[in-house]
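K.L.:
Dropping a structure here in structure tokens format, bear with me for questions.
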DNA sequence: TTGGATGCAAAAGATTTGCACTCCC
DNA sequence: GGGAGTGCAAATCTTTTGCATCCAA
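Protein chains in written order, with the working numbering: chain P, 1 to 135; chain E, 1001 to 1135.
Following this line, the structure appears as structure tokens:
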């Protein structure tokens, strides 16, 4: 069985062609695509898939912790298939989101902060990226 | 002259009653209100102010660095009148945004990261807050 | 006087929802 | 067979924009 199907079963979701297409599309993607971009690209290979299905599936994958939802682009949600702790840089000129390797004393296993139960940590840098700065 | 008016002049904006009302409304506010909330509350004391004016003014204040725009609430932009480096916790149950004091080895003067020019840093924690966890 | 600011309403985007139909388990 | 999943379109919510009018400097 494909690993994508396994992943879906593991988190209690039914295996459908649409969901497999979504998982395969975002697998290994380091560009942090938006839901719209994911939908748009999938619908070329999988005509007829609906926006709602993409949205619903992404939401369920996020909830299950299979993918990460980034709050870094002020205009829309961005998604990241890599869930291990790492950070991001958002270019306010071109809108690209870059992965960032940066040594921060952030233990990935913070459980509580000021009494609040922590489930996710995001460290976001914003500015102008290397490429855009050249212009 | 009031300090709010000074602030506006300093960043090259005309002093208008609407802008003064906006500045006074958000001054000292630690609840990280959304633009809609700011608009709604101001319009009670200042009937007739328009949404566009609130949005435009907030955008200009952010651009000038007088206030901070938070990318932490997946549903809308939140604003913070405190611009010094501090962190936030977002409760996904009630939607509140809390200030967080947490010692991280994040020097506030990071200029470049992987060649990208850094202008702002946000460290966001997400989960369920103390109050919501009780229920 | 004059360019920036405002108010209004419409438009644009992103996301969600309701519902009938479909198909995975 | 039954309930979750899908597709479609409409609805909702947030944010932006165009434009005529207004007013701070």
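Backbone N, C-alpha and C fix where the C-beta goes; we use that ideal spot for every residue, glycine too. Please read these numbers as outputs of a predicted model, since none were measured by experiment.
1) Does the beta carbon of residue 1028 of chain E sit closer than 8 Å to a beta carbon anywhere in chain P?
2) Taking Cβ-Cβ distances shorter than 9 Å, what residues in chain E pair up with residue 74 of chain P?
3) Distance check for residue 8 of chain P and residue 15 of chain P, CA to CA, integer angstroms please.
4) Please specify which runs of the beta strand (DSSP E), each continuous and at least 3 residues long, are wholly inside the stretch 25–97 of chain P, giving them in chain order.
5) Within 10 angstroms of the Cβ of residue 3 of chain P, are there 16 or more other Cβ atoms? Answer buried if so, exposed if not.
6) Please confirm if residue 123 of chain P has its CB atom under 8 Å from at least one CB of chain E.
7) Strictly by DSSP, which residues pair up with residue 1113 of chain E?
8) Could you tell me whether any Cβ in chain P is nearer than 8 Å to the Cβ of residue 1065 of chain E?
9) Can you look up residue 22 of chain P in the DSSP assignment and give me helix, strand or coil?
10) Using the Cα positions of residue 101 of chain P and residue 1114 of chain E, report the straight-line distance between them to the nearest angstrom.
11) Answer yes or no: the CB of residue 1087 of chain E versus the heavy atoms of the ligand GTP, is any distance below 7 Å?
12) Can you tell which of E:1056, E:1090 and E:1024 has its C-alpha closest to the C-alpha of residue 119 of chain P?
13) Taking three-plus beta-carbon pairs below 8 Å as touching, is the stretch 1026–1035 of chain E in contact with the stretch 123–130 of chain P?
14) Is residue 131 of chain P helix, strand or coil when you go by DSSP?
15) With distances taken from CA atoms, which of E:1079, E:1080 and E:1075 is nearest residue 78 of chain P?
16) I need the straight-line Cα distance from residue 37 of chain P to residue 21 of chain P, nearest angstrom please.
17) Using the three-state DSSP reduction, which class does residue 1013 of chain E fall into: helix, strand or coil?
18) Could you list which residues in chain P have their beta carbon closer than 7 Å to that of residue 1129 of chain E, in chain order?
19) Sorted by chain position, which residues of the same chain lie with C-beta nearer than 7 Å to residue 73 of chain P's C-beta, five sequence neighbours on each side aside?
20) Between residue 64 of chain P and the rest of its own chain, which residues show a CB-CB distance below 7 Å, the 5 nearest in sequence each way excluded?
21) Using a Cβ cut-off of 8 Å (strictly closer), state whether residue 1051 of chain E contacts chain P.
22) Is the shortest distance between the beta-carbon of residue 1059 of chain E and the beta-carbons of chain P less than 8 Å?
23) Could you tell me which residues DSSP puts in a beta bridge with residue 7 of chain P?
P.N.:
The answer reads as follows:
1) no
2) 1069, 1071 and 1077
3) 6 Å
4) 68–70, 78–80 and 87–91
5) With fewer than 16 Cβ atoms within 10 Å of its Cβ, residue 3 of chain P is classed as exposed.
6) yes
7) E:1116
8) no
9) Correct three-state label for residue 22 of chain P: helix.
10) Whole-angstrom Cα-Cα distance: 8 Å.
11) Annotation note on the ligand GTP: not contained in the displayed structure, which lists no ligands.
12) Considering only E:1056, E:1090 and E:1024, the residue with the shortest C-alpha distance to residue 119 of chain P is E:1090.
13) no
14) Residue 131 of chain P falls in the helix class under three-state DSSP.
15) E:1075
16) 14 Å
17) coil
18) 116
19) 90, 95 and 97
20) 11
21) no
22) no
23) Paired residues: none, contrary to the question.
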